[in-house]
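Participant: Can you read through this structure? Questions will come right after.
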Amino acid sequence: MPFLRRLSLPALALLLAVFSAVEILLAGLRQFTASTINLPHWLEIAETTSALAVVAISVVLFLFVRSKSDEQRILMRGEQSRQKFLTDFSRQIRSILRSAADPEAELQEMAPFLVKGMTRLLDVERCGVWLFDKQSAHLNELGTFIRSSGRMESGGRLERSRYPAYFEALDSGRALVAGDARTHPATRDFDHDYLAPLNIGAMLDAPLFRSGRLIGAICAEHVGGRREWKDAEISFLASVAEIFTLGLEAAETIRIRRQAEIMRERAEYADRAKSRFIASMSHELRTPLNAVLGFTSSLLAEPERLDDRTREYLTYIHQGGADLLEIIDEILDLARIERGKLEAEPVPIAPDWLIERAVRSVTPKAQKAEVSIEIVKDDMLDCALQEDNHGTHDSHDVTPEVRTREIRSPREAEAVPPEIHADPKLARQALVNVLVNAVKATPPGGRVRIGGHRLGEKYEILVIDHGAGMSAEELKDALEPFNQLDRDPYVHSGGGLGLGLPLTRAFMEAQGGELVLESEPGRGTCARLRFPLAE
Numbered sequence: 012m013p014f015l016r017r018l019s020l021p022a023l024a025l026l027l028a029v030f031s032a033v034e035i036l037l038a039g040l041r042q043f044t045a046s047t048i049n050l051p052h053w054l055e056i057a058e059t060t061s062a063l064a065v066v067a068i069s070v071v072l073f074l075f076v077r078s079k080s081d082e083q084r085i086l087m088r089g090e091q092s093r094q095k096f097l098t099d100f101s102r103q104i105r106s107i108l109r110s111a112a113d114p115e116a117e118l119q120e121m122a123p124f125l126v127k128g129m130t131r132l133l134d135v136e137r138c139g140v141w142l143f144d145k146q147s148a149h150l151n152e153l154g155t156f157i158r159s160s161g162r163m164e165s166g167g168r169l170e171r172s173r174y175p176a177y178f179e180a181l182d183s184g185r186a187l188v189a190g191d192a193r194t195h196p197a198t199r200d201f202d203h204d205y206l207a208p209l210n211i212g213a214m215l216d217a218p219l220f221r222s223g224r225l226i227g228a229i230c231a232e233h234v235g236g237r238r239e240w241k242d243a244e245i246s247f248l249a250s251v252a253e254i255f256t257l258g259l260e261a262a263e264t265i266r267i268r269r270q271a272e273i274m275r276e277r278a279e280y281a282d283r284a285k286s287r288f289i290a291s292m293s294h295e296l297r298t299p300l301n302a303v304l305g306f307t308s309s310l311l312a313e314p315e316r317l318d319d320r321t322r323e324y325l326t327y328i329h330q331g332g333a334d335l336l337e338i339i340d341e342i343l344d345l346a347r348i349e350r351g352k353l354e355a356e357p358v359p360i361a362p363d364w365l366i367e368r369a370v371r372s373v374t375p376k377a378q379k380a381e382v383s384i385e386i387v388k389d390d391m392l393d394c395a396l397q398e399d400n401h402g403t404h405d406s407h408d409v410t411p412e413v414r415t416r417e418i419r420s421p422r423e424a425e426a427v428p429p430e431i432h433a434d435p436k437l438a439r440q441a442l443v444n445v446l447v448n449a450v451k452a453t454p455p456g457g458r459v460r461i462g463g464h465r466l467g468e469k470y471e472i473l474v475i476d477h478g479a480g481m482s483a484e485e486l487k488d489a490l491e492p493f494n495q496l497d498r499d500p501y502v503h504s505g506g507g508l509g510l511g512l513p514l515t516r517a518f519m520e521a522q523g524g525e526l527v528l529e530s531e532p533g534r535g536t537c538a539r540l541r542f543p544l545a546e
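Using my numbering, you'd call the opening residue of the sequence shown number 12 and step up by one each time.
What follows is the structure, given as structure tokens:
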């Protein structure tokens, strides 16, 4: 009964009370006068009318209460249907996220079918999903369901520049509630092109956001006159938009994670391929190189059988082969470091043994470069990058004329404890790398100084040159593999791959030590190799 909806429960109760009171009053009056006088005819009519009114109002009140109860049941069923829809929708999204090859694409394909159920639950003629293009310049219609015809439409387009008020409303992040779409400030611009041709009277739109960026909207459109949207309907549409947005965000996260996994697998495959290549290259190059070095060494061992030019050529060949073998060894070392295969076996070592063995290895390069290496035997060596003036330290130069005694083992060194805890091979190679770099940086006639001293719970070996030096930024770059700088003193005069410092740092860290570099443009470079002390 539609007219019942226009009545209120308090009004009906008041009418019932009034007529009940009248009925009681008339009944009392009749009882009081029945024994003495005859009742007037009008009083009997009034009593009858009042009784009928009470009955009628009671019936109306009963129907009103039942109507309200029916309406409440309908509203409750509608709310239950919407909650079930949200639950099922969430379950579908979770299923897609778990199993779909491309969750984001499948969610977008699912959107048009989503709006089909929403037209029924919101009791609207049209409901659609619109998504922005990459530049967020316009909305593209992903799919709109037409309830009366059962059709799905798509392909519409809304330009931001043409409907700025509508897009500003979506940008606010709140649901757009237009009970009268033709007069609402955010939607009235649609009247001529969209609302009037489709007879749309009211709109309810919920924006879609992903990672804080507006990506689209879900739009419910009522055909006919204006409509007052209920809070439950607004809340329902906002919940659908939120669930859909969370699904898209989760899909994007899955896509990024899968891409990262693919990239990781590709990187691992490339790394394995690189390792195989390096191992193969090592074998293929080492075999002929060893033959070249062996034959040239044999020929150079008999200088009386060679003329000067042949001896010079053989020397170049031998040196070139040795340099190439050194480069191969550096690349292999770097490959082991990258694979985590660099293993150190630290033992107690006398620092002087380590220094003298490293200097002995570098002496041929120093002689060729006309650079002397000074071993400072006291604790007065520091990293002050000042002018290279010969001091009065207890030292000796390693030059072509100087010979050092043969040292057969680390424990036979002249120095007494403290001993360092280091891997003999890695420690020697680290120190050799730093010395070679210093020799390359030093001009002919110059010198490189090396010495060591105890530094708290560590032992520090210093290598100082007075070459070109580097800025702080260049020094940082020089520690990266294959990074050769124009001003890098370690490559400008001696070639190389730029692996010396990165390998040295890795060698030191593998032994529990560290490499500290100090440099200044035009003043030189000081390398500090710090080793843990042996217990």
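Glycine included, every Cβ here is placed at the ideal spot set by N, Cα and C.
Between which residues of its own chain and residue 149 is the CB-CB distance below 8 angstroms, once the five residues before and five after are set aside?
Facilitator: As a working mapping, residue 149 is identified with position 138 in the sequence shown. So the list reads 143, 168, 169, 170, 171, once near-sequence residues are dropped.
Participant: Would residue 179 be called buried (16 or more neighbouring beta carbons within 10 Å of its own) or exposed?
Facilitator: To locate residue 179, count along the sequence shown from 1; it is residue 168. Exposed is the call here.
Participant: Can you tell me whether residue 444 is buried or exposed, with buried defined as 16 or more other CB within 10 angstroms of its CB?
Facilitator: If you number the sequence shown from 1, residue 444 lands on position 433. With 16 or more other Cβ atoms within 10 Å, it is buried.
Participant: By Cβ distance below 7 angstroms, which residues in the same chain neighbour residue 96 in space, the five residues on each side in sequence not counted?
Facilitator: By 1-based counting over the sequence shown, the position of residue 96 is 85. Answer for residue 96: 128, 132, listed in chain order.
Participant: Between which two residues does the alpha helix (DSSP H) containing residue 251 stretch?
Facilitator: The count along the sequence shown starts at 1 and reaches residue 251 at position 240. That run of the alpha helix (DSSP H) goes 242-311.
Participant: Can we say the stretch 211-221 touches the stretch 190-200, given the rule of at least three CB pairs closer than 8 angstroms?
Facilitator: They touch, by the three-pair rule.
Participant: Fully enclosed by the stretch 163-213, which alpha helix (DSSP H) runs are 4 residues long or longer?
Facilitator: Runs found: 175-182.
Participant: Can we say the stretch 345-358 touches the stretch 320-331, given the rule of at least three CB pairs closer than 8 angstroms?
Facilitator: Touching, no, given that fewer than three Cβ pairs across the two stretches are closer than 8 angstroms.
Participant: Does DSSP classify residue 393 as helix, strand or coil?
Facilitator: Position 382 of the sequence shown, counted from the start, is the residue given in the question as residue 393. Coil, per DSSP.
Participant: Leaving aside the five residues before and after residue 297 along the sequence, list all residues of the same chain whose C-beta is less than 8 angstroms from its C-beta, in chain order.
Facilitator: On the sequence shown, position 286 is the one that residue 297 refers to. The residues are 336, 339.
Participant: Alpha carbon to alpha carbon, how far is residue 387 from residue 307?
Facilitator: Here residue 387 is taken as the residue at index 376 of the sequence shown, counted from 1. Here residue 307 is taken as the residue at index 296 of the sequence shown, counted from 1. Cα to Cα, the separation comes out at about 36 angstroms.
Participant: Return yes when the Cβ of residue 230 is within less than 8 angstroms of the Cβ of residue 166, no when it is not.
Facilitator: Translated into the one-based positions of the sequence shown, residue 166 becomes position 155. Translated into the one-based positions of the sequence shown, residue 230 becomes position 219. Not a contact, by the Cβ cut-off of 8 angstroms.
Participant: Would you mind reading off the limits of the beta strand (DSSP E) that contains residue 450?
Facilitator: As a position in the sequence shown, residue 450 is number 439, starting the count at 1. Taken as a continuous stretch (DSSP letters only), residue 450 belongs to no beta strand (DSSP E), being part of the alpha helix (DSSP H) at 435-452.
Participant: Leaving out five residues on either side along the sequence, give the residues of the same chain with a beta carbon under 8 angstroms from the beta carbon of residue 103.
Facilitator: For the purposes of this step, residue 103 is identified with residue 92 of the sequence shown, where counting begins at 1. Once the five neighbours on either side are set aside, the close Cβ partners of residue 103 are 121.
Participant: Using a Cβ-Cβ cutoff of less than 8 angstroms, which residues in the same chain neighbour residue 375 once the five nearest sequence positions on both sides are dropped?
Facilitator: Looking up residue 375 in the sequence shown gives position 364. No residues qualify anywhere along the chain.
Participant: Exposed or buried, residue 125, counting other C-beta atoms within 10 Å across all chains shown (16 or more means buried)?
Facilitator: Start at 1 with the first residue of the sequence shown, and residue 125 comes out as number 114. Its Cβ being crowded by 16 or more others within 10 Å, residue 125 is buried.
Participant: Put residue 385 into one of helix, strand or coil per three-state DSSP.
Facilitator: Taking the first residue of the sequence shown as 1, we reach residue 385 at position 374. Strand at residue 385.
Participant: Comparing C-alpha positions only, which one of 540, 527, 290, 372 sits nearest to residue 432?
Facilitator: Taking the first residue of the sequence shown as 1, we reach residue 432 at position 421. The option with the nearest alpha carbon to residue 432 is 540.
Participant: In angstroms with no decimal places, state the Cα-to-Cα distance between residue 429 and residue 451.
Facilitator: Within the sequence shown, the letter at position 418 stands for residue 429. Within the sequence shown, the letter at position 440 stands for residue 451. Straight-line Cα distance between these residues: approximately 31 angstroms.
Participant: Pick out whichever of 137, 475, 311, 204 has its Cα sitting closest to the Cα of residue 383.
Facilitator: For the purposes of this step, residue 383 is taken as the residue at position 372 of the sequence shown. Ranking 137, 475, 311, 204 by Cα distance to residue 383 puts 475 first.
Participant: Is residue 310 closer than 8 angstroms to residue 332 when the C-beta atoms are compared?
Facilitator: Here the question's residue 332 lines up with position 321 in the sequence shown. Here the question's residue 310 lines up with position 299 in the sequence shown. No, they are not a contact pair.
Participant: With H, G and I counted as helix, E and B as strand and the rest as coil, what does DSSP make of residue 135?
Facilitator: Sequence index remark: in the sequence shown, residue 135 carries index 124 (1-based). It is coil, neither helix nor strand.
Participant: In the DSSP assignment, what residue or residues form a beta bridge with residue 145?
Facilitator: Looking up residue 145 in the sequence shown gives position 134. Residue 145 pairs with nothing; no bridge assigned.
Participant: Distance, Cα to Cα, residue 135 vs residue 269?
Facilitator: As a working note, residue 135 is residue 124 in the sequence shown. As a working note, residue 269 is residue 258 in the sequence shown. Taking the straight line joining both Cα atoms gives about 40 angstroms.
Participant: Compute the Euclidean distance between the alpha carbons of residue 527 and residue 292, then round it to the nearest angstrom.
Facilitator: For this step, residue 527 is matched to residue 516 along the sequence shown. For this step, residue 292 is matched to residue 281 along the sequence shown. Approximately 33 angstroms between the Cα atoms of the pair.
Participant: With a 10 Å radius around its C-beta and 16 neighbouring C-beta atoms as the bar for buried, classify residue 603 as buried or exposed.
Facilitator: A query on residue 603 cannot be resolved here, the shown segment of the chain reaching from 12 to 546 and no further.
Participant: Using a 10 Å radius around the Cβ and a threshold of 16 neighbouring Cβ atoms, would you call residue 481 buried or exposed?
Facilitator: Your numbering for residue 481 matches position 470 in the sequence shown. With 16 or more other Cβ atoms within 10 Å, it is buried.
Participant: What's the C-alpha gap between residue 410 and residue 371?
Facilitator: For the purposes of this step, residue 410 is taken as the residue at position 399 of the sequence shown. For the purposes of this step, residue 371 is taken as the residue at position 360 of the sequence shown. Residue placement at residue 410 is poorly supported in this model, since its pLDDT is 40, which falls under 50; the coordinates still yield a value, given next. Distance between the alpha carbons of residue 410 and residue 371: 10 angstroms.
Participant: For the beta strand (DSSP E) containing residue 237, name the first residue and the last one.
Facilitator: Position 226 of the sequence shown holds residue 237. First-last for residue 237: undefined, no H or E at that position.
Participant: Cα-Cα, which of 317, 446, 299 is closest to residue 368?
Facilitator: Position 357 of the sequence shown, counted from the start, is the residue given in the question as residue 368. The option with the nearest alpha carbon to residue 368 is 446.
Participant: Which whole-angstrom value describes the C-beta separation of residue 441 and residue 515, a residue pair presumed to lie in contact below a C-beta threshold of 8 angstroms?
Facilitator: Against the sequence shown, residue 441 aligns to sequence position 430. Against the sequence shown, residue 515 aligns to sequence position 504. Yes, they are in contact, since the Cβ atoms of residue 441 and residue 515 sit about 5 angstroms apart, within 8 angstroms.
Participant: Out of 141, 252, 112, state which residue places its alpha-carbon closest to the alpha-carbon of residue 154.
Facilitator: Looking up residue 154 in the sequence shown gives position 143. Nearest C-alpha to residue 154: 141.
Participant: Quick one: grab the DSSP three-state call for residue 363.
Facilitator: By 1-based counting over the sequence shown, the position of residue 363 is 352. Residue 363: helix per DSSP, three-state reduction.
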